[in-house]
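Heads up, the thing below is written out as structure tokens.
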Amino acid sequence: MNFRDHLAPMRLAEQALELGGRQILRMSTVGRPRQPARFTKPAKVDGHAFCAIDAMWDVHGQPRIIEVNGSNAGLSSLGDPEGDRWRAEHQIEAALPRILNETRGAVLVAFAANTLIVGEITARAFMLYELVSKHRECQFGNSDLAPSSPFVVAVDSVEAIAAQVTKVDGRLCYRGYPVVSVGNVNLLAELVRKGVIERHGADYDVEYDIFHDGRIAPLIHDKREQQVVADGTGFVPIRHLDTMTVDEVVAGVQSLLREGLPAVIKPNATSGGAGIDFFGPGATDVEIRKTLDHQVQTVMNKYGPGAEKSMWPIRVAEFAQSTGYPVGDKHHLWDMRVACFIRPGEVEMMVCGLRLCPEPFVLGHYDRPSACSNTTGRVPSTARFRAPLAEANRPTDLMSAAGVDRKAFDQILNACAAWCEAAWHHCSAEERHDDHAGGPPGKTGGWFAA
Numbered sequence: 000m001n002f003r004d005h006l007a008p009m010r011l012a013e014q015a016l017e018l019g020g021r022q023i024l025r026m027s028t029v030g031r032p033r034q035p036a037r038f039t040k041p042a043k044v045d046g047h048a049f050c051a052i053d054a055m056w057d058v059h060g061q062p063r064i065i066e067v068n069g070s071n072a073g074l075s076s077l078g079d080p081e082g083d084r085w086r087a088e089h090q091i092e093a094a095l096p097r098i099l100n101e102t103r104g105a106v107l108v109a110f111a112a113n114t115l116i117v118g119e120i121t122a123r124a125f126m127l128y129e130l131v132s133k134h135r136e137c138q139f140g141n142s143d144l145a146p147s148s149p150f151v152v153a154v155d156s157v158e159a160i161a162a163q164v165t166k167v168d169g170r171l172c173y174r175g176y177p178v179v180s181v182g183n184v185n186l187l188a189e190l191v192r193k194g195v196i197e198r199h200g201a202d203y204d205v206e207y208d209i210f211h212d213g214r215i216a217p218l219i220h221d222k223r224e225q226q227v228v229a230d231g232t233g234f235v236p237i238r239h240l241d242t243m244t245v246d247e248v249v250a251g252v253q254s255l256l257r258e259g260l261p262a263v264i265k266p267n268a269t270s271g272g273a274g275i276d277f278f279g280p281g282a283t284d285v286e287i288r289k290t291l292d293h294q295v296q297t298v299m300n301k302y303g304p305g306a307e308k309s310m311w312p313i314r315v316a317e318f319a320q321s322t323g324y325p326v327g328d329k330h331h332l333w334d335m336r337v338a339c340f341i342r343p344g345e346v347e348m349m350v351c352g353l354r355l356c357p358e359p360f361v362l363g364h365y366d367r368p369s370a371c372s373n374t375t376g377r378v379p380s381t382a383r384f385r386a387p388l389a390e391a392n393r394p395t396d397l398m399s400a401a402g403v404d405r406k407a408f409d410q411i412l413n414a415c416a417a418w419c420e421a422a423w424h425h426c427s428a429e430e431r432h433d434d435h436a437g438g439p440p441g442k443t444g445g446w447f448a449a
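Just so you know, we're using numbering that gives the first Met the number 0 here: the sequence shown kicks off at 0 and counts up by one.
Put into structure tokens, the structure is as follows:
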């Protein structure tokens with residue numbers, strides 16, 4: 000099927016989901032640039048990878064990385080008039096040698112079970128199906144489909160996809176089909192929880208090339224190492240500490256609070272904002288332990304008893320405060336998602352929108368509604384999205400309202416490209432830095448601070 004209207008597949012998916020009673024965000028209704036707004040920077044890389052950098056401009060006038068997501072990231076359809084077409088094309092470009100060389104193969108697109116943007120993800124999966132069908136006979140469906148064609152594009156929740164994945168002769172297979180491309184790196188954590196693959200620190204015993212994240216896939220769950228890579232790229236790194244015990248979490252949080260700095264804790268390899276908690280100066284050991292107990296239970300409830308294999312290290316980080324984005328007479332914290340498409344010799348980027356935290360920020364008050372912009376698990380609303388580029392290659396008044404002028408905008412994009420190049424080479428090393436790679440058998444390092 001070929002649509003002249005690039006958002007038609009998304010609208011159809013959203014209509015079907017709503018008819019089925021599912022709560023969603025209608026991503027097809029959110030504003031997008033009127034023309035392609037892609038930014039290309041040269042880079043010393045020799046392969047393909049994808050990531051989505053959640054960046055912001057802090058109150059001290061410095062660019063910061065909150066975190067880097069990978070093929071698990073949504074909202075990329077907001078960066079271009081054609082929606083996710085560009086992302087789908089890049090994923091197939093990276094996977095094409097495997098698609099052409101295999102007699103059978105599976106392309107997997109997985110999403111968090113409670114995500115609100117499943118319409119966007121389903122539409123992108125259909126684009127992948129169209130692109131694969133140009134080269135090989137292919138079927139499209141959810142995890143219930145027993146494929147009969149040489150190739151299949153399957154889209155479903157992480158849990159449903161993982162239930163059909165096995166490891167055969169060192170390769171991941173889906174319903175017996177060799178996996179040639181995966182559109183969500185969080186599938187790795189679920190396969191660890193199910194015992195299909197093993198995890199060693201921040202690394203998994205799989206070939207990363209089949210993931211759209213490519214070589215940098217191990218970095219996507221390693222939030223501390225992301226900040227190590229950020230040093231020297233133009234981003235000011237955020238202090239991070241990997242912890243493997245409750246006592247280490249408490250000590251890490253208190254070490255920041257003693258400096259008058261608020262703290263954030265986040266488990267390893269969770270999605271949708273699951274388990275993110277904040278502590279302001281004055282929090283007691285008892286309060287920290289109680290919050291951590293609740294966090295661990297939340298993660299276990301979401302992912303099952305196998306979550307213990309994937310949720311550590313729990314990362315303690317300083318809370319970095321963005322400039323305030325005005326909404327009425329209040330100001331909200333925000334972040335800016337930059338989708339980065341790494342290919343030989345360059346990094347192409349598109350700005351996928353500003354996300355505002357639901358509640359206005361009040362200095363000294365730190366909680367999820369006022370300090371976390373993630374949409375998962377909240378009442379569906381597109382009111383918190385802003386389309387920052389109305390014209391190609393130019394920040395609009397929307398970004399200026401957040402204190403990001405043209406110079407700051409260029410600084411953020413240059414830093415994003417530099418981070419991608421640094422990440423590529425960091426993951427090219429024969430051995431990664433295990434001194435701060437947590438997880439079983441695991442060990443922790445000290446604070447990372449530039």
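Glycine residues also receive a C-beta, built at the ideal position from the N, C-alpha and C atoms.
> For the 8 angstroms Cβ check, are there 3 or more pairs between the region 343–350 and the region 77–92?
Replying inline: The answer is yes - the region 77–92 touches the region 343–350, with three or more Cβ pairs under 8 angstroms.
>> the ligand FAD and A306: does the residue's C-beta get closer than 7 angstroms to at least one heavy atom of that ligand?
In response: For the ligand FAD, the structure offers nothing, since it holds no ligand at all.
>> Below 8 angstroms, how does it come out for the region 118–135 and the region 152–172: are there three or more Cβ pairs, yes or no?
In response: The answer is yes - the region 152–172 touches the region 118–135, with three or more Cβ pairs under 8 angstroms.
> Residues in its own chain within less than 7 angstroms of E13 by CB, not counting five upstream and five downstream?
Replying inline: The residues are I23, R25, S27 and G118.
> Who are the Cβ neighbours of H524 in its own chain at under 6 angstroms, not counting the five residues just before and after it?
Replying inline: Nothing can be reported for residue 524, as the shown portion of the chain is limited to 0 through 449.
> Helix, strand or coil: how does DSSP classify V154 here?
Replying inline: Of the three classes helix, strand and coil, the one that applies to V154 here is strand, per DSSP.
>> In the DSSP output, what is A478 paired with across the bridge?
In response: The question about residue 478 has no answer here: the residues shown for the chain are numbered 0 through 449.
>> Rounded to the nearest angstrom, what separates T443 and D45 at their Cα positions?
In response: Model confidence at T443 stands at a pLDDT of 41, short of 50, so the residue's coordinates are unreliable and nothing is read from them.
> Where does R84 sit, in a helix, a strand or coil, going by DSSP?
Replying inline: Three-state result, R84: helix.
> Are three or more beta carbon pairs between the region 49–58 and the region 296–313 nearer than 8 angstroms?
Replying inline: Counting C-beta pairs closer than 8 angstroms gives fewer than three between the region 49–58 and the region 296–313, which falls short of the contact rule.
> Looking at the structure shown, is I341 part of a helix, part of a strand, or coil, going by DSSP?
Replying inline: Looking at I341 - three-state DSSP - the assignment turns out to be strand.
>> Quick check: what's the CA-CA separation for V58 versus P312?
In response: CA-to-CA, the gap between V58 and P312 works out to about 29 angstroms.
> According to DSSP, what are the bridge partners of E104?
Replying inline: According to the sequence provided, residue 104 is Gly. The question's Glu does not apply to it. DSSP output for G104 lists F150 as bridge partner(s).
> Quick one: Cα of H330 to Cα of T395, how far?
Replying inline: Near 18 angstroms, if we compare the C-alpha coordinates of T395 and H330.
>> Using CA atoms only, rank isn't needed, just tell me which of G20, S309 and L99 is closest to S180.
In response: Minimum Cα distance to S180 is reached at L99.
>> Suppose you measure from the CA of L144 to the CA of N113; what does that come to, to the nearest Å?
In response: C-alpha separation (whole angstroms): 21 angstroms.
>> Across the region 236–254 and the region 310–327, are there enough close Cβ pairs to call them in contact, namely three or more that are closer than 8 angstroms?
In response: Yes, since at least three Cβ pairs between the region 236–254 and the region 310–327 fall closer than 8 angstroms, the two stretches touch.
>> Based on DSSP bridge pairs, tell me the residues matched to F210.
In response: V181.
> Among M243, M299 and V106, which one has its Cα closest to the Cα of P458?
Replying inline: Since the first residue of the chain shown is 0 and the last is 449, residue 458 is not available in this structure.
>> Helix, strand or coil for M398? Go by DSSP, reduced to three states.
In response: Collapsing the DSSP output to three states places M398 in a helix.
>> Between the alpha carbons of K40 and W333, how many angstroms are there, rounded?
In response: Rounded to whole angstroms, K40 to W333 spans 25 angstroms at the Cα level.
> Are V191 and S309 close, meaning C-beta to C-beta below 8 angstroms?
Replying inline: It is a contact, given that the beta carbons lie within the stated cut-off.
> Cα-Cα, which of P280, P325 and A268 is closest to R198?
Replying inline: Nearest neighbour of R198 by Cα position, chosen from P280, P325 and A268, turns out to be A268.
>> If you reduce the DSSP assignment to three classes, tell me which class M299 lands in.
In response: Note: M299 maps to helix in three-state DSSP.
> At what residues does the beta strand (DSSP E) containing C137 begin and finish?
Replying inline: For C137, the uninterrupted beta strand (DSSP E) run begins and ends at C137 to G140, by DSSP.
> Does the separation of the CB atoms of F210 and V184 fall below 8 angstroms?
Replying inline: Contact: yes.
>> Please state the DSSP three-state secondary structure of V44.
In response: DSSP places V44 in coil when its eight states are reduced to three.
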